[in-house]
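Here the numbering used here runs 1299 ahead of the position in the sequence shown, where the first position is 1.
A short write-up of the structure that comes next.
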Amino acid sequence: MTVGGEQLLFVRQLVQRKTAIVLGEDKGYLVDSRLSSLARDLGHADATTMLDHLRKKPDLALEQRVLEAMTTNETLWFRDRAPFEALRQHVLPELARSGAGSRQLRIWSAACSSGQEIYSIAVLLEEHFADRFAGWKIDLAGTDFSVEMVKRASEGLYSTLEVNRGLPAASLVRHFDREGANWRLKPSIRSRARFWRMNLVEPWAPMPAWDIVLLRNVLIYFDIPTKEKVLRAASRQMAPGGYLLLGGAETAVGICPELVPEKIGDATFYRLEGREQ
1300 MTVGGEQLLF
1310 VRQLVQRKTA
1320 IVLGEDKGYL
1330 VDSRLSSLAR
1340 DLGHADATTM
1350 LDHLRKKPDL
1360 ALEQRVLEAM
1370 TTNETLWFRD
1380 RAPFEALRQH
1390 VLPELARSGA
1400 GSRQLRIWSA
1410 ACSSGQEIYS
1420 IAVLLEEHFA
1430 DRFAGWKIDL
1440 AGTDFSVEMV
1450 KRASEGLYST
1460 LEVNRGLPAA
1470 SLVRHFDREG
1480 ANWRLKPSIR
1490 SRARFWRMNL
1500 VEPWAPMPAW
1510 DIVLLRNVLI
1520 YFDIPTKEKV
1530 LRAASRQMAP
1540 GGYLLLGGAE
1550 TAVGICPELV
1560 PEKIGDATFY
1570 RLEGREQ
């Protein structure tokens, strides 16, 4: 039985209330496909039976599992390439110059999914900037709404399919160890990044000021007020001279005026207007 009617409304309201993601009224097929396997795993006959259970008896653990199933966790290594080329050729060299006094570099991947984005930067630093940032304090962080994704990112274990999505063969050989049918990042890369759960639409816990904030392919799921709220929060976490990177289909223009676009190579980053560069 396909999820619809009051059950679909329940899921849509739950997802929007907890994550600010807006699901259309026509997403019954998506809800059904995302929740059917979860229902089977938890011993329910189907998604509708599981949702009936949740509606009648509040269950925070089940609620979290449903929300995680309904959030997208699509990612790959060096996604879209152009931003990483801009980081390699322009952004990281500039931060190496401007941060020569403090010798500190902080990079945060918000909505990091299973970790490929922040680990791509760790690989980039190791392969192209090992000498330039030698002796620096480097803080690489990833956060995600999903407890399961945070766990997976921390483990640094990927299937053959996952490492074949964007990761150069030379980097695979250099930075991974084979474990059966999977590949695990070597400790030299895995130990560079830390991960924790964070819901971007809830109040943010205190964090350091980041030199680079990657907030990619997240805003597309939010309405305009939520986009503005998240962008303003992100801007407050940017260090002087810091960079914000959004997804290719996302923009801060017309939403958060203090974030000014700057074309760097073939990618667009955002800087804070009036903030010391």
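We put the beta carbon where it would ideally sit given N, CA and C, even for glycine.
For this session: Quick one: using the 10 Å Cβ neighbour count with 16 as the cut-off for buried, is G1434 buried or exposed?
Result: Counting Cβ neighbours within 10 Å, G1434 comes out exposed, since fewer than 16 surround it.
For this session: Throw me the rounded Cβ distance for the K1559 and A1533 pair, which I believe falls under 8 Å.
Result: Just to set this straight, residue 1559 is Val in the shown sequence, not Lys. V1559 to A1533, Cβ: 14 Å. No contact.
Exercise. Between W1495 and V1446, which are expected to be in contact by the criterion C-beta below 8 Å, what is the C-beta distance as a whole number of angstroms?
Worked result: Not quite, the Cβ-Cβ distance comes to about 10 Å (not below 8 Å), so this is no contact.
Exercise. Helix or strand or just coil, what does DSSP make of V1390?
Worked result: helix
Exercise. Under 8 Å, do L1514 and K1526 count as touching if we go by C-beta distance?
Worked result: no
For this session: Report, in whole angstroms, the separation of the C-beta atoms of F1475 and R1464, which I expect to be a contact under 8 Å.
Result: The Cβ separation is near 14 Å, so there is no contact.
Exercise. Where E1416 and F1377 are concerned, what is the direct C-alpha to C-alpha distance, given to the nearest angstrom?
Worked result: For the pair E1416 and F1377, the Cα-to-Cα distance works out to about 7 Å.
Exercise. Quick one: Cα of G1479 to Cα of L1322, how far?
Worked result: Between G1479 and L1322, the C-alpha separation is close to 39 Å.
For this session: Measuring only between beta-carbons, confirm whether T1459 sits less than 8 Å from chain E.
Result: Here there is only one protein chain, and chain E is not present.
For this session: Go ahead and label M1506 buried or exposed: buried means 16 or more other beta carbons lie within 10 angstroms of its beta carbon, across all protein chains shown.
Result: exposed
Exercise. Hey, A1468 and D1510 are a contact pair by Cβ (cut 8 Å); roughly how many whole angstroms apart?
Worked result: Going by Cβ atoms, the distance from A1468 to D1510 rounds to 30 Å, so no, they are not a contact pair.
Exercise. Skipping 5 residues on each side, what residues in its chain have a beta carbon closer than 6 Å to that of G1414?
Worked result: G1441, A1452
Problem set entry | Straight-line Cα distance separating A1508 from Q1264 | With the chain represented from 1300 up to 1576, any question about residue 1264 goes unanswered, as that position is not in the structure.
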